[in-house]
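Asker: Going by our numbering, the letters in the sequence shown line up with residues 381 to 594, in that order. Would you mind keeping the following structure in view while I ask a few things?
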Amino acid sequence: MEVKTLVVGRGRTNTYVIYHAGNREASVIDPGGEAQKIIDFIDENRLQVKNIFLTHGHFDHILAVQQVKAHTGARVVIHKNDAECLESAHRSLYLSIMSEPFRVCKADITLSGGEKTLVGGVEALFVHTPGHTPGSMCIFIENMMFSGDTLFAGDTGRTDLPGGDSYTMRGTLRDLYYMSGDYIVFPGHGEPTTLGIEREHNSELRQAAGVRDE
381 MEVKTLVVGR
391 GRTNTYVIYH
401 AGNREASVID
411 PGGEAQKIID
421 FIDENRLQVK
431 NIFLTHGHFD
441 HILAVQQVKA
451 HTGARVVIHK
461 NDAECLESAH
471 RSLYLSIMSE
481 PFRVCKADIT
491 LSGGEKTLVG
501 GVEALFVHTP
511 GHTPGSMCIF
521 IENMMFSGDT
531 LFAGDTGRTD
541 LPGGDSYTMR
551 GTLRDLYYMS
561 GDYIVFPGHG
571 EPTTLGIERE
581 HNSELRQAAG
591 VRDE
């Protein structure tokens, strides 16, 4: 699978377009704004977008959902605990100072966590990783982990916003630390990393896992 990163909006959100180079089937993860930039990439590369996957429902990850869906006909997939964010500016923490309007959109599929689907013929696994929001998810495709605002290079997601929960986040981070295997981590903001690097150097992840630094 190929991955294109498009940095969008005031929050510098990473929107990911993942696609199969052969059959051109694609999915968009977290279209957080600047819909035309996303649509232009889709059209220029003749991609057939089947899915819009959302790692969580905060406005900076969903502002372009309605437009991308209207252009592509893709189904919108989000965890059931964050689905209301798509229809509520308040729930999505949308700020009136944003340069882009909030456009209401409904989820086509709501998940509970643990579901699998095919993306360009490759299996995608959705893991419920609450803490930053009640419905945060990490999406695993091949050796890639799309972590939203749960895990970053050298940092972890904040829990001081409405819906955040520090205790729940610690459990999520502990589970990620002890997850088998290594993955390239594509976060919601900032540069990619690997789960192996974060296990070694991310102090918040290590603390949540109960690992003591010598």
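The beta-carbon is built from N, C-alpha and C at its ideal position, and this holds for glycine as well. Model, not experiment: these values are computed from the prediction.
I'd like the ranges of any beta strand (DSSP E) spanning at least 3 consecutive residues and lying wholly in the stretch 436–504.
Answerer: Entirely contained in the stretch 436–504, the beta strand (DSSP E) runs reaching 3 residues are, in chain order, 455–459, 489–491, 496–499.
Asker: Among residues of its own chain, excluding the 5 on either side of residue 404, which ones have a beta-carbon nearer than 8 angstroms to its beta-carbon?
Answerer: On the sequence shown, residue 404 is found 24 positions in, with the first residue counted as 1. Taken in chain order, the residues that qualify are 425, 426, 427, 428.
Asker: By DSSP, does residue 558 sit in helix, in strand, or in coil?
Answerer: As a working mapping, residue 558 is identified with position 178 in the sequence shown. Residue state, collapsed to three classes: coil.
Asker: Alpha carbon to alpha carbon, what distance is there between residue 535 and residue 583?
Answerer: Indexing the sequence shown from 1 puts residue 583 at position 203. Indexing the sequence shown from 1 puts residue 535 at position 155. Spanning the two alpha carbons is a distance of roughly 8 angstroms.
Asker: CB residue 381 to CB residue 561, shorter than 8 angstroms?
Answerer: For the purposes of this step, residue 381 is identified with residue 1 of the sequence shown, where counting begins at 1. For the purposes of this step, residue 561 is identified with residue 181 of the sequence shown, where counting begins at 1. No. Outside cutoff.
Asker: Between 432, 420, 495, which lies nearest to residue 487 when the distance is taken from Cα to Cα?
Answerer: Counting from 1 along the sequence shown, the entry for residue 487 is found at position 107. Residue 432 is the option with its Cα nearest to residue 487.
Asker: In the DSSP output, which residue or residues are listed as bridge partners for residue 570?
Answerer: Translated into the one-based positions of the sequence shown, residue 570 becomes position 190. In DSSP, residue 570 forms no bridge with anything.
Asker: Just tell me which of 576, 460, 445 has its CA closest to the CA of residue 416.
Answerer: Position 36 of the sequence shown, counting from 1, holds the residue named residue 416. Closest by alpha carbon: 445.
Asker: With distances taken from CA atoms, which of 528, 443, 396 is nearest residue 421?
Answerer: Start at 1 with the first residue of the sequence shown, and residue 421 comes out as number 41. Nearest option by C-alpha distance: 396.
Asker: In the DSSP assignment, the alpha helix (DSSP H) including residue 583 goes from what residue to what residue?
Answerer: Locating residue 583 in the sequence shown gives position 203, counting from the first residue. That run of the alpha helix (DSSP H) goes 583–588.
Asker: Are the beta-carbon atoms of residue 430 and residue 469 separated by less than 8 angstroms?
Answerer: What you label residue 430 is simply residue 50 of the sequence shown in a count that begins at 1. What you label residue 469 is simply residue 89 of the sequence shown in a count that begins at 1. The criterion of a C-beta distance shorter than 8 angstroms is not satisfied by residue 430 and residue 469.
Asker: Is the distance from the Cβ of residue 387 to the Cβ of residue 566 below 8 angstroms?
Answerer: Here residue 387 is taken as the residue at index 7 of the sequence shown, counted from 1. Here residue 566 is taken as the residue at index 186 of the sequence shown, counted from 1. No, they are not a contact pair.
Asker: Find out if the Cβ-Cβ distance for the pair residue 391, residue 569 is shorter than 8 angstroms.
Answerer: As a first step, residue 391 is located in the sequence shown; it is residue number 11 there, counting from the start. As a first step, residue 569 is located in the sequence shown; it is residue number 189 there, counting from the start. In this structure, residue 569 lies closer than 8 angstroms to residue 391 by Cβ.
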